[in-house]
Structure formats: C-alpha cells, structure tokens
Amino acid sequence: MLSKERIRAITFSILKQFKDPFYNGFAATLGFYFMLSVVPMMILLSQLLGLFSLSMQFLEMWITQYITGEAVDIITSLVHFVPSTGTNILFTVMALWAASRAQFAMMRLTNYTYSEGRKMGKGFWRDRMRAVVTIAFTLFALTFALVIIVYGEMILKIVISWFAFNREIAYELNRMWFIVRWPLTVFLYLFMVSYNYYILPMDRKKFRDILPGAVFASVGMFLATTIFRLYANNTANYDIIYGALATVVVIMIWFYILAWFLGVGVMFNKAWDDTKHMANKRR
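Everything in the sequence shown is counted per the working numbering, starting at 2 for the first residue and increasing by one.
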C-alpha cells in the first residue's frame, strides 16, 4: 500500500526528472511520431482484419466515440486503402518500418529514463528492428482483441455445440461472456501498453516493475481522451484560428496528450523503482 511519504517522493522524483532538458518537448516529439505512424498502422490493421473477414465498422465506431467528428473522417478514411497484390509484401515491409517510428522514439525515451541519461540505445539499426518487431506484435495483439470482441459470441456458440452443453450451462456461459467481454477489452488494452513498457527498454525490467506506470498511463490516456473529446466538441473552436488545418491540429493535440501520459508513465516507473526502499521499510 502506498504511504503519503512514498506518494510525495514519487511526485518529487517525476518533477525532478522534468528539470532535465531532454524531457523538454518530449510529448511533442512523440506526438509527431504518432502522427507519422498512425497512417501505416491503420492501413496495416485494416489488412490484418481483412484476413478474418472482419469489418472495420467496429473500430470506426470506437474511434467515433472517443475522437472528434472531423478527425474521425481523416483517420477512418485510411482503413479503406487496399494495396495491389504485386506490391503487397513490399508495402507491408515499408508500412511496418514507417509505423515503428513511435516505438523507436519511445524506446529512446525509456532507455534514457531508466539509465538516468547515460544511454539511449544499442545502435540505430538494432533498435529500429526491435521497434519493427514491437509494432508488428502490437498490431497482431490489437487484431486478436478485435476478433475476440466481435466474434467472441460466435466462438462461444461453437464451443457449446462441440461439448453439447445443456441449455442452462449454455445460458450461463453466454451471460458470463456478456459480463466479461468489456473487462477483457480493458485488460487487452492494458496488456498492450504494458507489453511496450516491458519490451522497449534496453535493460529488461520485471513485469511487476513496469505495471504501475502502465496502469497510470492507460488510465490517464483514457480519461484525457474522454475529457478532450468533450472539450473539443462542446467548447473549442479551432476553425477560427487554424481554418482548414483545424482537424489536423485537433489530432496533433490528442496525440500530444497521449504521448505525455505514455512518457510520464515511464518516468512513474523510474520513480516507483527509486522509492522501493520506502515500501520495504514499512514492512
């Protein structure tokens, strides 16, 4: 259990890290790389979902729920791109490379934070390939999550027919799936954030050591996205200042907020690790 002293120590540790010039504008840098990565990532995701004959309608509904209306049109338009068969492999490789920019930037941030500024990686090419593998796994995990959410009930019915469960058991299993469906989605979302926190650092951490920051970042990104959507839809009017660029500006601000929480989540893990001795003393 967190004591007041440890909470205070974690807060001061994060504020102390912000004094390092390296963190000046880190959210803007990550947000920019997110912007560059989202196009190939969405296209690759649409191709993966196509393998399961899964429509992008569910993902579009989720995007519409949490992102402002005009920005939705730009993002969802990306998923309808279909490369020609002859260039499909080359396109996939190029798209993975382009989509890994955000992971590469996060990798450098995590290495710098955990090493207290002593190192940022093991070399450009080696780190970039690790970033490509990470984004590939993230895309497969996201595809798996969407398949489970959309086809979960159908899969459950097939399992029930295989084992010839009676009606009462079948009803309870269907009821259980209805209850578990969205908590499972939240778990998979947290898992993807945790996986990136776990795999990106050069010096591997124990999973339990990266979990606090992953929870902080996941909750922060969800709340920030919800609040920002309400603000952008009901209060802000970016058209007055930015005109035709207003939609792009809204997306960039959203990416900036997400990047800030992801970065602070890494700093939170560092502060958590540095204050472990305070928890041990209380024991």
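C-beta atoms are modelled at their ideal positions from N, C-alpha and C, and glycine is treated no differently.
Measuring alpha carbon to alpha carbon, tell me which residue in the options is nearest residue i.
i, options, result
"residue 35", "3, 102, 95, 274", "102"
"residue 260", "108, 90, 47, 95", "108"
"residue 257", "15, 181, 24, 29", "29"
"residue 226", "95, 251, 6, 113", "251"
"residue 204", "98, 137, 117, 248", "117"
"residue 96", "46, 121, 106", "46"
"residue 49", "17, 37, 7, 142", "142"
"residue 146", "113, 186, 134", "186"
"residue 137", "232, 191, 212, 43", "43"
"residue 119", "39, 23, 106", "23"
"residue 214", "129, 277, 268, 98", "268"
"residue 228", "10, 39, 134, 254", "254"
"residue 194", "249, 275, 264", "264"
On the CB-based measure, 16 or more other CB atoms within 10 Å of its CB, does residue i come out buried or exposed?
i, result
"residue 198", "buried"
"residue 111", "buried"
"residue 266", "buried"
"residue 273", "buried"
"residue 126", "exposed"
"residue 219", "buried"
"residue 243", "exposed"
"residue 124", "exposed"
"residue 12", "exposed"
"residue 41", "buried"
"residue 25", "exposed"
"residue 175", "exposed"
"residue 208", "exposed"
"residue 202", "buried"
"residue 87", "Residue placement at residue 87 is flagged as unreliable, the pLDDT there being 47, under the threshold of 50; a coordinate-derived value is accordingly withheld."
"residue 91", "exposed"
"residue 232", "exposed"
"residue 271", "buried"
With H, G and I counted as helix, E and B as strand and the rest as coil, what does DSSP make of residue i?
i, result
"residue 117", "coil"
"residue 175", "helix"
"residue 193", "helix"
"residue 9", "helix"
"residue 87", "Because residue 87 carries a pLDDT of 47, less than 50, the predicted location of this residue cannot be relied on, and no value is offered for it."
"residue 277", "helix"
"residue 128", "helix"
"residue 36", "helix"
"residue 4", "coil"
Return no unless some Cβ of chain D is closer than 8 Å to the Cβ of residue i.
i, result
"residue 122", "Absent from the structure is chain D; it holds one protein chain and no more."
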